[in-house]
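The structure under discussion appears below in the form of structure tokens.
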């Protein structure tokens, strides 16, 4: 069996081996011959042969080919070191290290595959179209039949060009990229299937982001009908995507296509206001000379939907957008446009209806205003095919922040859109308001001039006071930043501002004049509390934008309520990067005043720069000589405080802007202060102080009152910590009559200190009254006057007073006199004052040393008189007074209690009796049932006074006599009887009291002396007119 199979197979194997050997030998011989041929082609004769062959092939054309070093590459490739193609003797295309190869194996499968590699391929110009003497009809290529004996079924071409260049002349700038290309053609029966892809990598071009990175396509062509179907045409990158499909009838030269374009992130590439992609779709049909279709674009701007759609028509010379409709938020668009292909001019109308101004947000990112309106843009061809635009806008109810405009109309006519200087604009606005400023009407006109524009405007309105504005500016050139200011005025009542001159980057010459300008009447930016009433003067701006020179001199008139009789001159100058400012003043109350400041800095007009470095050095000084009496009259009413004196101050300004330094001193001489409200008068006031940037030192302050009491003080105020300034004051008072009111009059000795403390200040020290007289209000008045006691204001508390803490000891051994309601008592004691200046807390008591009480025509002995302080003023202090007398078999007591503001009086007796019975026995010395009718009337009146129903003050002749004589005590006893006597008492020292008494009877005179050894021990001596005498030592203890 095996022999049977071996014999039939042996012959075919030998035959196939022989054929393969022959083919291999033939291939080797052919390749060797090709290599020999390539060597010969690189020889001088071979190169001439190639050039002659190519020249003969291109004979009759405008092209020439130059090849450098032609060679074979591998088994199936050919290449050249350099190839250059010229058109009309000018370089058209250049290639370096180019290689073309053909794949052999696919040939057996009826497929041709061609591959091109090049290090560089440069397209230097576009091919020129051949000139034709006359237009000839091109015969149609279709229909055509595919040859049945065509060997190849497919053709594949690949290209890899490492550096593909397009000249700057063609691309606008140098274009370079790594280009890869693949294209294939397949035959399927009589249909050609074509597909391919192009990729641009590492693209270098200023507008590289606008070139697609990838292009892919797939076409089918039926040569019999000439119809090219493109099922896929895609281009794009990470930013843009293009997708198109349709067909092209090559025989009839008509097409139909649908195109979709998506801009994926327009926020990054076009405008940041886009909040969605831009989707553009087109449905087109026709030919290159007769095209029609529909266009639509969708997107969103700042959250508002945007939509535009239109019909498209093109007839070969004119592109028309018909029935245009669009919307953006609440804004509606409509109209039609036409573009003339020959002239490039646009004609048509676009109308817009603005139901609100949200459309502006789509372009500015914010809504600057609200309102409504309509607009129309009319395009037309002007003279010499220039593009003309006529624009009209009508707006109503416009608001912008605090500004409001009732209505505004804008018309503009631009004769040539390429020349903005051809614009003619007119603006009219009615009822413009901004805060308190109202413009009744404003008219602005802008018209072309020989150079730039002419601008004029006018308007009138009111801002607390009427004003008007007007301007006439010639040859305004925004591009060159030049203008001639013919006249620019702002008129406010009797005052105004006028500016004239020329503006140019290298030559400034502006002049401004101010005449009687009241800052309180300046529109838009008024200064209602300005201390300046009127400004007049001149200002000049010269030099250039980069090196301006400024100088001004102004006369300032202070407002009437401030310094009406003062003249102030202010000057400012800037040149050579240095600003100098000076101020001088003189007038009523200001004998002389001068200030100066100089500092370097950079000021430029364009681009605007105003820069003062933090390390800029300051150099200035200040001097003042003031008469306080004339100044005080400007601030205080005629019935208010009076202040006189001469004050001098001087200071030096240095350091830098970041760390300014101030050093100076001030002094006050021949000072005088009178406060009529509190009846406080200070004379011979002198003060001296020194200060710097962080501290004020009051080296001395002295003053005297009307009774030669003295005040001495010194202190300092530190600003090292601006949040918590440190204030320290030492004050010493000697017999100062600072409390001088209707209800209290005191001469005080005090030694007080004010120091910084936790969260405020602390006032500590001692107060020792020289003498204090407290006058109680008229007895039993329905409205009892209150002492001048400061109460806490719960609605508007003072932070400063609340932060002043108190730690003061009030100590008075004697000479605290309380008088009124028939009470005449001398008190002494100690008080501790704590709390704050806004809400003091006073603890302690003032007890009686001696005293009496007179009521109902009788004299009572003071058994107890205490003024007790138990905390906050009101209801404290409290009265605790007990006065006794004997009357008709009873001991009568009068008790005065309650607070000083609401005192209470009551009667008691031993044995206990009703108040009317006690009062009857005190007044008439008998029982109430035994008094006469006239005495009954007196009793009833006394009871009314006791119950607080008595009206009107009582006369105090003894009080008046004490004031005249200067005595501390005057008494009258037994008036109306045979034993009438008069007594007088006076302190002749802090601890020595002398009293004299003289009666009408013989030998009734007496004198006594009381000496206080300690607060608890006193020595008293007495001598009578009849020669009697006595002495004693008394010890007293309060419990």
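In the working numbering, the protein residues as written are 433 to 1471. Glycine residues also receive a C-beta, built at the ideal position from the N, C-alpha and C atoms.
Beta-carbon to beta-carbon, residue 1260 and residue 1279 are separated by about 7 Å, close enough to satisfy the 8 Å threshold. A direct Cα-to-Cα measurement between residue 774 and residue 725 gives close to 21 Å. Between the stretch 1104 to 1113 and the stretch 1121 to 1134, the count of Cβ pairs shorter than 8 Å is below three; the stretches do not touch. The beta carbon of residue 1082 lies closer than 6 Å to those of 1055, 1096 in the same chain, with the five residues before and after it left out. Annotation for residue 1355: the continuous alpha helix (DSSP H) segment containing it runs 1347 to 1356. Each residue's CA atom was taken as its position, placing residue 778 and residue 880 some 23 Å apart. About 5 Å separates the beta carbons of residue 809 and residue 782, which is inside the 8 Å limit, making them a contact pair. One thing to note: residue 946 has its Cβ within 8 Å of the Cβ of residue 986. Sorting 692, 1337, 1275 by C-alpha distance to the C-alpha of residue 1239 places 1275 at the top. The alpha-carbon of residue 1337 is positioned some 39 Å away from that of residue 1106.
By the Cβ-count criterion, residue 1265 is buried, with 16 or more other Cβ atoms from all chains shown falling within 10 Å of its own Cβ. In this chain, the alpha helix (DSSP H) harbouring residue 600 covers 600 to 603. DSSP, reduced to helix, strand and coil, places residue 1061 within a helical segment of the structure shown.
For residue 701, the enclosing alpha helix (DSSP H) stretches over residues 698 to 701. The continuous beta strand (DSSP E) containing residue 661 extends over residues 659 to 668.
Setting aside the 5 residues that flank it on each side, residue 634 is surrounded in the same chain by 609, 610, each with a C-beta closer than 7 Å to its C-beta; the list follows chain order. Here residue 865 is not near residue 875, since their CB atoms are 8 Å or more apart. When 1091, 916, 955, 933 are compared, the shortest CA-CA separation from residue 923 is found for 955. In this structure residue 768 touches residue 753 by the C-beta definition: roughly 6 Å separates them, less than 8 Å. The closest CA to that of residue 936, considering only 1206, 911, 953, 927, is found on 911.
Taking C-alpha positions only, residue 872 is separated from residue 836 by approximately 12 Å.
Put simply, the backbone Cα of residue 1203 is about 27 Å away from that of residue 1236. Counted as a single uninterrupted DSSP element, the beta strand (DSSP E) harbouring residue 633 occupies residues 623 to 636. Taking a contact to require three or more Cβ pairs closer than 8 Å, the stretch 1063 to 1078 and the stretch 1041 to 1050 do not qualify as touching. At least 8 Å separates the beta-carbon of residue 678 from that of residue 664. Per DSSP, reduced to three states, the secondary structure at residue 898 is strand. The three-state reading of DSSP puts residue 1157 in coil, since its state is none of H, G, I, E or B. Residue 1208 sits close to residue 1255, with the two beta carbons spaced by under 8 Å. Cβ-Cβ separation between residue 659 and residue 681: approximately 5 Å, consistent with a contact (criterion under 8 Å). Contact annotation, residue 1199 with residue 1242: C-beta distance approximately 5 Å; criterion of less than 8 Å satisfied.
Using a Cβ distance threshold of 8 Å, residue 1085 and residue 1015 do not count as a contacting pair. Put simply, the backbone Cα of residue 893 is about 45 Å away from that of residue 1154. The beta carbon of residue 1251 sits closer than 6 Å to the beta carbons of 1207 from its chain, once the five residues preceding and following it are set aside; these are given in chain order. The secondary-structure analysis by DSSP pairs residue 552 across a beta bridge with 528, 595. Taking C-beta atoms as the reference points, residue 697 and residue 722 fail to come closer than 8 Å. Setting aside the 5 residues that flank it on each side, residue 599 is surrounded in the same chain by 556, each with a C-beta closer than 6 Å to its C-beta; the list follows chain order.
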